[in-house]
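>
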Amino acid sequence: MRDEDRQLGMDRAITRRDFVNGVAAGALAAGMPGVAQAARPKAVVTPEIDPNPYPPARQGMRGSHAGTFEAAHMLRDGTLKLADAEDSGEVYDLIVVGGGLSGLSAAHFFHKRVGPGAKVLVLDNHDDFGGHAKRNEFRVNGKLLLCNGGTLNIESPSRYDKWSRVLLDDIGVDIARFERDNTANATLYKSLGMGHGMVFDAETFGGKDTVLAMGGGWRGGAIEPAKLEKAPLTPKARADLARLFAKEQPDYLPGLDQAAKKDWLARHSYKEFLTDKVGVDPQVYWLFQMIGMASFCVGGDAVPALFGWVQGYPGFSGMNLGEVPADLFADLPGGQHGRQREGDKSIHFPDGNATLARLLVSKLVPEATAGRTQEDMGTAVIDYAALDRPGAPTRIRLSSVVLNVAHKGDPASAGEVAVHYAKAGKLVEVRGKAVIMACWNMAIPYLMPELPAAQKEALAYGVKGPMVYTSVAVTNWRPFVKLGAANFHCPTMFHQEVGLTEAVSLGDLKHPQTPDEPIVLHLVKYMNKPGLPRRDQHRVGRAELLAMSFETFERETRRQLQRMLGGAGFDAARDIAGITVNRWGHGYAYTYNSIYDPVEWVYSESPNRPCVIGRQPFGLVSIANSDAAASPHTDAAIQEAHRAVQEVIERRTYPFVPRRTA
Ligand SMILES: Cc1cc2nc3c(=O)[nH]c(=O)nc-3n(C[C@H](O)[C@H](O)[C@H](O)COP(=O)(O)OP(=O)(O)OC[C@H]3O[C@@H](n4cnc5c(N)ncnc54)[C@H](O)[C@@H]3O)c2cc1C
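Quick note on our numbering: the sequence shown kicks off at 373 and runs consecutively.
Next up, the structure:
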């Protein structure tokens, strides 16, 4: 073992991980099929599959974990044959492919419309439900800690349409009560003197890493050049920065009228605008290269400059572009260039939108948990064995990779659809009187070869953005207080964002109030290749992500935290209590982008958009999921679920009397 690995605590990682959740993994692994003891390295143990039996508490490589995609990739590559599937004899009123927020919402809306007696099967390839909306649990020194493994928050709740709000109401989400219960938490970090921070890494800037507290803000218009006094910037970069933030700004697109300027800004990147038109030093662009990444998984080189104007980034004040409309494009599906409405706070539960998934499951399969209310979900336990019980109105079947969906006969007149899936090494057939594909658009052409060619082409158009959320449990957060920052912008390090998880409590789950208590850190890594066209950035990023082992993630995570926090007393070997890497090779839905796609796809509800062509119903099959709206948002996932259920209801006569029309 390398000295550095020992110093970072790689050698002690497995022992700590095994006992952090109160179980000896070795003992458990011995009884688990497919987890061979001999396969576990002796010194540095970095499991791709953690044998902890409770999915939210599993550490190691999570997100799209091993077992979720291999069979689908074999199907894509033509190496898997469906002919030998075993017919289970099961027939459902509705089969939902995909147990994310869209699939669970579809099951909910369907039951609500059809009434008692309906039988629904939800199939998902993961060992946990929720899709991207996953929960990471840790237990450190006896205390339960949470973090979102994916979907972070209810973003801009006022933008939610009627059906998204109906769903939140149905499952008992009370945003006002949550905010009220967290009034003190909202100012906790600020009260401890913490704001934002930046890390100027040695590889990019030379010398040593420089860690700076930036106070209230660093992003876009909120950057305070005065706070950069100790930054390792060249005199030229400082002069350019002063010019960029000066009160008097030149017009960087002289000779164009307002409409032509906006058109130029829509078709060129913010990077082109800053470097070619404003002419700033590359060090200045470094400060802004993450623009849009949290929404699109690509940064300033692939995000339209117009987005920078809408978001309040600098450079536009002398260009006579007029006022930024408060709700510009916010209500378009996808809201690609929208911005949050003033005063419309996003709601972050301690496990993110996994709270929504858990509330949906508590409604769909009440036997699986005693938790009923929003507050219960802080500590509620799910009985995963109860999710798929014969006779239940809803069965949620996990670890089931759907491989084929085909009508039994002519799609125009067939009465059933056969769904083939792989589970525990077996191929199984189930049948549905209707099917909703709440999975990922680009997978649907492989699953449904019978679709028309133009629809398959449209479904394959969007490329989901790959990204990683790494959750790190630590025994204390004193270094953050000492450095005066609760989160850091570090765009040229392994993870580009590092911070304390948001200060929120839910029911009996209380957020730590003092830096001596354990907490979870939330680290974000976007996988992209600046310079390539956007969809290629996603493809290359995904390939690189899939090639990265958990061991690489663990080493790089420990190394990065040591570099950033070591000067403030952090010791990776001593202070890290657990690591969960949430790998999302297929992350955000692809949103249309005016640099690469027709402008009308971005600024109108054009029926020519691939998402509209792709989501058309076919025979007994409807298509939900957030890709169907080309929007990486939870409300889109819910809206599309409602539309798909509506299509199912409209084309079938059920033996049940619809209870109501809502
Ligand atoms: C890291 C991350 C953070 C996000 N943060 C936010 C946020 O803060 N706010 C927000 O509004 N949105 C956020 N999103 C977007 C998020 O994707 C949506 O909010 C929403 O959860 C999407 O739901 P969905 O059901 O459409 O898709 P998914 O959550 O992807 O669910 C689809 C499910 O179908 C499964 N599936 C796919 N193929 C198959 C198959 N062949 N067989 C069986 N199952 C299959 C998938 O594995 C998945 O479990 C985030 C996304 C990511 C990746």
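Backbone N, C-alpha and C fix where the C-beta goes; we use that ideal spot for every residue, glycine too.
Can you check which of these residues, 655, 1023, 981, is closest to residue 827 by C-alpha distance?
Along the sequence shown, one-based indexing puts residue 827 at 455. Checked all of 655, 1023, 981; the closest Cα to residue 827 is 981.
> Taking the straight line between their C-alpha atoms, what separation do you get for residue 810 and residue 679?
As a first step, residue 810 must be located in the sequence shown, where it is residue number 438. As a first step, residue 679 must be located in the sequence shown, where it is residue number 307. Each residue's Cα considered, the two are about 30 angstroms apart.
> Where residue 413 and residue 498 are concerned, what is the direct C-alpha to C-alpha distance, given to the nearest angstrom?
Position 41 of the sequence shown, counting from 1, holds the residue named residue 413. Position 126 of the sequence shown, counting from 1, holds the residue named residue 498. Residue placement at residue 413 is flagged as unreliable, the pLDDT there being 30, under the threshold of 50; a coordinate-derived value is accordingly withheld.
> Inspect the beta-carbon positions of residue 974 and residue 462 and report whether they are closer than 7 angstroms.
Here residue 974 refers to the residue found at position 602 when the sequence shown is read from its first residue. Here residue 462 refers to the residue found at position 90 when the sequence shown is read from its first residue. Cβ atoms of residue 974 and residue 462: not closer than 7 angstroms.
> So, with DSSP's three-state summary, where would you put residue 407?
On the sequence shown, position 35 is the one that residue 407 refers to. Because residue 407 carries a pLDDT of 29, less than 50, the predicted location of this residue cannot be relied on, and no value is offered for it.
> Going by alpha carbons, who is nearest to residue 357 out of 997, 688, 983, 604?
Outside the modelled stretch of the chain, which goes from 373 to 1034, sits residue 357, for which no answer is possible.
> Report buried or exposed for residue 761, applying the criterion of at least 16 other Cβ atoms within 10 angstroms of its Cβ.
Translated into positions along the sequence shown, residue 761 becomes position 389. The residue is exposed, with fewer than 16 neighbouring Cβ atoms inside 10 Å.
> Using the three-state DSSP reduction, which class does residue 787 fall into: helix, strand or coil?
Along the sequence shown, one-based indexing puts residue 787 at 415. If DSSP states are grouped into helix, strand and coil, residue 787 belongs with coil.
> Take residue 645 and list the residues in its own chain whose beta-carbon comes closer than 8 angstroms to its own, dropping the five residues that flank it on each side.
Position 273 of the sequence shown, counting from 1, holds the residue named residue 645. Contacts found: 624, 637, 677, 680, 687.
> May I ask you to check if the CB of residue 800 is nearer than 6 angstroms to at least one heavy atom of ligand 1?
As a first step, residue 800 is located in the sequence shown; it is residue number 428 there, counting from the start. For ligand 1, not one heavy atom lies less than 6 angstroms from the Cβ of residue 800.
> Are three or more beta carbon pairs between the segment 885-897 and the segment 855-875 nearer than 8 angstroms?
Counting Cβ pairs under 8 angstroms, three or more are found: they touch.
> Please list the segments of the alpha helix (DSSP H) lying wholly inside the segment 601-662, counting only runs of 4 or more residues, in order along the chain.
If we require 4 residues or more, the alpha helix (DSSP H) runs fully inside the segment 601-662 come out as 607-616, 630-639, 654-660.
> Considering only the beta carbon of each residue, do residue 726 and residue 741 sit closer than 7 angstroms?
Numbered from 1 along the sequence shown, position 354 holds the residue referred to as residue 726. Numbered from 1 along the sequence shown, position 369 holds the residue referred to as residue 741. Not in contact: residue 726 and residue 741 (Cβ atoms no closer than 7 angstroms).
> Grouping DSSP H, G and I as helix and E and B as strand, with all else coil, what is residue 701?
Mapped onto the sequence shown, residue 701 falls at position 329. Unreliable positioning characterises residue 701 in this predicted model, as indicated by a pLDDT of 48, which lies under 50. The coordinate reading is nonetheless provided below. In this structure, residue 701 counts as coil in the three-state DSSP scheme.
> With DSSP collapsed to three states, give me the class of residue 990.
One-based indexing of the sequence shown puts residue 990 at position 618. Note: residue 990 maps to strand in three-state DSSP.
> If you draw a straight line from the alpha carbon of residue 883 to that of residue 844, how long is it in whole angstroms?
In the sequence shown, counting from the first residue as 1, residue 883 sits at position 511. In the sequence shown, counting from the first residue as 1, residue 844 sits at position 472. Residue 883 and residue 844: Cα-Cα distance of roughly 15 angstroms.
> Straight-line CA distance for residue 399 to residue 758?
Translated into positions along the sequence shown, residue 399 becomes position 27. Translated into positions along the sequence shown, residue 758 becomes position 386. Reliability of the predicted coordinates at residue 399 is poor, the pLDDT of 31 falling under 50, and the value obtained from them is presented with this limitation in mind. Going by the C-alpha atoms only, they are around 24 angstroms apart.
> How about the segment 924-933 and the segment 541-557: do they share at least three Cβ pairs that are nearer than 8 angstroms?
No, the segment 924-933 does not touch the segment 541-557.
> Among all the DSSP beta bridges, which residues are the ones paired with residue 745?
Residue mapping note: residue 745 aligns to position 373 of the sequence shown, counting from 1. In the DSSP output, where bridge partners are listed per residue, residue 745 has none listed.
> In terms of residue numbering, what span does the alpha helix (DSSP H) encompassing residue 474 cover?
Reading the sequence shown from its first residue, position 102 is the one you call residue 474. Where residue 474 is concerned, the enclosing alpha helix (DSSP H) stretches over 473-486.
> So, residue 953 versus residue 842, is the Cβ gap smaller than 7 angstroms?
Taking the sequence shown and counting its residues from 1, one reaches residue 953 at position 581. Taking the sequence shown and counting its residues from 1, one reaches residue 842 at position 470. Contact flag set, yes.
> By Cβ distance below 6 angstroms, which residues in the same chain neighbour residue 847 in space, the five residues on each side in sequence not counted?
Residue mapping note: residue 847 aligns to position 475 of the sequence shown, counting from 1. For residue 847, where only same-chain residues beyond five positions count, the Cβ hits under 6 angstroms are 890, 947, 949.
> Mapping the DSSP letters down to three states, classify residue 731 as helix, strand or coil.
On the sequence shown, position 359 is the one that residue 731 refers to. Residue 731 falls in the helix class under three-state DSSP.
> Is it the case that the segment 778-786 contacts the segment 425-439, given that we only count it when at least three CB pairs across the two stretches are under 8 angstroms?
With a cut-off of 8 angstroms, the segment 778-786 and the segment 425-439 do not count as touching, because too few Cβ pairs lie within range.
> What number of angstroms, rounded off, separates the C-alpha of residue 523 from the C-alpha of residue 855?
As a first step, residue 523 is located in the sequence shown; it is residue number 151 there, counting from the start. As a first step, residue 855 is located in the sequence shown; it is residue number 483 there, counting from the start. Each residue's Cα considered, the two are about 28 angstroms apart.
> Excluding the five sequence neighbours on either side, which residues of its own chain have a C-beta within less than 7 angstroms of the C-beta of residue 612, listed in chain order?
On the sequence shown, residue 612 is found 240 positions in, with the first residue counted as 1. For residue 612, where only same-chain residues beyond five positions count, the Cβ hits under 7 angstroms are 652, 653, 656.
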